[in-house]
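Note that the protein sequences, when read in sequence, are chains A and B. All residue numbers for the first sequence refer to numbering that gives the first Met the number 0, where the first residue is 0 and numbers rise by one. All residue numbers for the second sequence refer to numbering that gives the first Met the number 0, where the first residue is 0 and numbers rise by one.
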Amino acid sequence: MAILTPNKLYKDLDVTFTAHPETQDVLKKIDNNAIKQSLKLLLFTNIGERLFQPDVGSKIYGLLFEPIDPITTEVLKRSIENTIETYEPRVLLEGVDVVPNYDDNSYEVSIYFTVLGINQPTSLTVTLERLR
Amino acid sequence: MAELNVTELDFDTIKANLRTYLAAQPEFTDYDFTGSALSLLLDVLAYNTHYNAVLANLQANEMFIDTAIKRSSVVSLAKMLGYSPRSTTSAKAQVNLTVTKDVTSGSTLSITPSVKFNATINNTSFTFNVNESQTATVDGNNEFVFTNVELIEGIRLSNSFLIGADNTSGPLIIPNNNVDTTTIEVDVQVSSSNLSSSTWTKTSSIVDITSTSKVFWVEENNQGQYQVVFGDDNVGAALLAGNIVTISYIVSEGAAANGARTFTLVGDIDGETGVNITIVSPAAGGAASESIDSVRFNAPKFNANRNRAITTEDYRTLIKQNLTKAREVTVWGGEENSPPVYGTVYISIDPISGSVLTEADKNFVKETVLRPRSVMSIKHEFVDPDYLYLGLEGVVNYNPKMTNLKASDLSVLVEAEIQDYFDEELGTLSKTFFLSRVSERVKLLNTSVVSSLFKMRLQKRIAVGISSTSGYTAILNYLTAIDPETVRSSNFITSINGLQYNGYLQDFSDDAVQSDTGHGTIKFIDRDTNTPVATVGTVHYDGGIIRLNNVIVTEYLGNVNTLHLSLRPQPLYQNITSGTVRTSDVEAFAVAARAAKNTIITLDDSENNSAAGIAPGLLISCRPFTQQ
């Protein structure tokens, strides 16, 4: 199967603001990587956090402090789906898996999606764990 | 060509402008997606621009008195115009005190500002103090009688300040809010070892102030507190290092204490506790400190009149600024009177409480407010407000299919609406009654109202003293043309040529054919025979003037204590205005211009009184009406 090369549809800054080793310019994120960075930023933004944009973000910060059980897991999944569908129009969401890890009080979240215009199935896996 | 739009203030528009800029750059393409890092950076830029724009806007606003919002800015700008905003003002009451001599050995007793009284309004207690010391001598009833004692509301406080070498001109900040600045007194003690002291005087200008004048100024600072400022040895004397300044003042509750009329003594007066207190005038004049809007309104006008009383507006501004008891003020020159009185300015003040201003207040306005600021040789005369009672008899047609209300319920609503019109738009000086406004308000009251028709009645209530010999003579101004043969008074008993008659006054047109512009006579009608007994006055229909000549009232009927003289205006003269001067439309009956500016138009609250012959002031009947 042929692997599609990135076509530089989406170009964004790297939020780590790391300098390119040769050009000393700020690094860029291209296509799927740009989208993954965008998803992380959206999911890790608490609703109400951004001034003048009170609806942007997700509820996952609050949900991590709820009892870890099937209901919270489902609510977390819906919240992630809702955030992506509302604020990331470049993504065709194919599925979200949320697996609770009862021993570590954490969730393993896998997001399966296709970036519009690139048509390459992609996934993003993050571990959600409360820090305090 | 790219344009930079710099006029936006709000976040969204600023961010949209930044996005528009980035859209033209090929380097990054994700600026339009909420989750992108570039969008985050745009947010930060937009926030920053928004902060700066708001700050610049706020600063520009606060620099002008028309747009400033913060009190400190408005007060500071008013200061440049020479205007000091009015502070909280204490309510004042007048009482008579009768103290029974019990423990006092001497024949005199003094009351000083340390004597306190309590008054309660709506379960809130207020402290009143004697404003000025008074001394009374024991009378034949073994009592000390103090008359017209002025009580001032508030708590007396004082603060002392040790003056250092670096603040010999102040400012000394009074560490309390709600200070009545008219009560501030300043005493300066030479030093902690030299106890001799002098009282310094409050001033508001630099006129007649020399380098040795012991004066002080009071200003509101940017924290909203008052500060006392002294001279600099050029304009006004400066303090000396080591001086101890004691500032005493009253902290007031403002308008909350208005209306207090029952006072009880707190403690005793030199040991005497047997005190009988009778009220002369209840507490009035208390007010909150001048609002920002009021400062904004008054300061430029104050600057325009340069603290002088020349024009009508000067007088109104000065009186309203200095007399918190004034609801409305009208001022006119005596040349507008009929006959003219040159060289006199007439002032009419509608007080907030009561119907007439006290003599003490009139004297304060005349001597303290106006005399130092007015033109030489101009006299000031007060004219008490004159009430014109306006009654309405109306028929309101309504469509019963469009409302669930019964006719009687609708009548109540209409009456309340008319009362509201009088409360909101009339009831004080310089107002105009428009009959069409009543119709409009009634029409808008309920969708079922189809039409309304009103008949007006104007009434004066004349306090004719009861006497069998001396009569009452006066000129009554009804402000509008009178409909002939509609004048009628309430019933009373009079004495004519030694005989008693029970009757009323009525007008008779002199013309064979009734003329609106003609004259008529006022006659007394005997109710027993229904015939005129005597002529007691004249009426000028077009001029709206009734002259009463020697009307004798020996007894009022129907439990009233004034003579009610009612009439109807001519149909084309049903807008009644108290703010202007009217002349005749018809040359042959021209009347001199006359002032009627002291008239307050108010709703006639008369109830049906058949013994006195007085019809209800407001009578509305609602009738169902359906188009066939």
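Virtual Cβ for every residue (Gly too), placed ideally from N, Cα, C. Bear in mind the structure is a predicted one, so any value in this text is a computation, not a measurement.
List the whole-angstrom C-beta distance separating residue i from residue j, where the pair is believed to meet the contact cut-off of C-beta under 8 Å.
{"i": "B/L478", "j": "B/N445", "result": "At roughly 31 Å, the Cβ-Cβ gap does not stay under 8 Å, so B/L478 and B/N445 are not in contact."}
{"i": "B/K430", "j": "B/S577", "result": "6 Å"}
{"i": "B/I551", "j": "B/S488", "result": "About 13 Å; that fails the 8 Å criterion."}
{"i": "A/D24", "j": "A/A18", "result": "7 Å"}
{"i": "B/N130", "j": "B/F262", "result": "About 13 Å; that fails the 8 Å criterion."}
{"i": "B/E152", "j": "B/E252", "result": "6 Å"}
{"i": "B/I521", "j": "B/V538", "result": "6 Å"}
{"i": "B/T544", "j": "B/N476", "result": "Strictly speaking, residue 544 of chain B in this sequence is Ile, with Thr absent from that position. At roughly 6 Å, the Cβ-Cβ gap stays under 8 Å, so B/I544 and B/N476 are in contact."}
{"i": "B/G169", "j": "B/F125", "result": "About 31 Å; that fails the 8 Å criterion."}
{"i": "A/Q105", "j": "A/E128", "result": "According to the sequence shown, residue 105 of chain A is Ser rather than Gln. Yes, A/S105 and A/E128 are in contact; Cβ-Cβ is about 4 Å, under 8 Å."}
{"i": "B/V227", "j": "B/L171", "result": "5 Å"}
Does chain A have any CB closer than 9 Å to the CB of residue i?
{"i": "B/F32", "result": "yes"}
{"i": "B/E26", "result": "yes"}
{"i": "B/F10", "result": "yes"}
{"i": "B/A15", "result": "no"}
{"i": "B/S35", "result": "yes"}
{"i": "B/G284", "result": "no"}
{"i": "B/L39", "result": "yes"}
{"i": "B/V580", "result": "With a pLDDT of only 48 at B/V580, under the threshold of 50, the placement of this residue in the model should not be trusted; the figure read from the coordinates follows. So, not an interface residue."}
{"i": "B/D179", "result": "no"}
{"i": "B/E7", "result": "no"}
{"i": "B/D207", "result": "no"}
{"i": "B/D648", "result": "For residue 648 of chain B there is no data in the structure shown, the boundaries of chain B being 0 and 627."}
{"i": "B/D29", "result": "yes"}
Within the 9 Å Cβ cut-off, does residue i reach chain B?
{"i": "A/Q23", "result": "no"}
{"i": "A/P88", "result": "yes"}
{"i": "A/L123", "result": "no"}
{"i": "A/Y9", "result": "yes"}
{"i": "A/L50", "result": "yes"}
{"i": "A/V95", "result": "no"}
{"i": "A/V55", "result": "yes"}
{"i": "A/L92", "result": "no"}
{"i": "A/T68", "result": "First, the amino acid is wrong: residue 68 of chain A is Asp here, not Thr. So no, A/D68 is outside the interface."}
{"i": "A/L12", "result": "yes"}
Could you name the residues that DSSP lists as bridge partners for residue i?
{"i": "B/R155", "result": "B/I249"}
{"i": "B/F507", "result": "B/T520"}
{"i": "B/F632", "result": "For chain B, the structure presents residues 0 to 627; residue 632 of chain B sits outside this window and is missing."}
{"i": "B/A92", "result": "B/L150"}
{"i": "B/L562", "result": "B/I461"}
{"i": "A/L92", "result": "A/F112"}
{"i": "B/R487", "result": "B/Q505 and B/S565"}
{"i": "B/A283", "result": "B/K91"}
{"i": "B/A308", "result": "B/S373"}
{"i": "B/M455", "result": "B/L391"}
{"i": "B/P531", "result": "B/I524"}
{"i": "B/F145", "result": "B/L96"}
{"i": "A/L127", "result": "A/Y106"}
{"i": "B/Y471", "result": "B/V550"}
{"i": "B/I110", "result": "B/Q133"}
{"i": "B/V228", "result": "B/W216"}
{"i": "B/A325", "result": "B/P350"}
{"i": "B/E184", "result": "B/S247"}
Could you check if residue i belongs to the surroundings of the ligand PLP, using beta carbon to heavy atom distance under 8 Å?
{"i": "B/V437", "result": "With respect to the ligand PLP, the structure shown offers nothing to examine, as it has no ligands at all."}
| message | Beta carbons nearer than 7 Å to chain B: which residues of the segment 15-44 of chain A have them? | response | A33, Q36, S37, L38, L40 and L41
| field | Those runs of the beta strand (DSSP E) which lie wholly inside the segment 351-417 of chain B and span at least 3 residues | value | 378-381 and 385-397
| Taking any Cβ of chain B, which residues in the segment 103-118 of chain A have a Cβ under 8 Å from it, in chain order? | none
| request: Tell me the start and end of each unbroken alpha helix (DSSP H) in the segment 16-63 of chain A that is at least 4 residues and wholly inside, in chain order. | output: 30-42 and 59-62
| said: To be precise: take each residue of the segment 43-64 of chain B, compare its Cβ to all Cβ atoms of chain A, and keep it if any distance is under 9 Å. Which residues remain? | reply: A45, Y46 and H49
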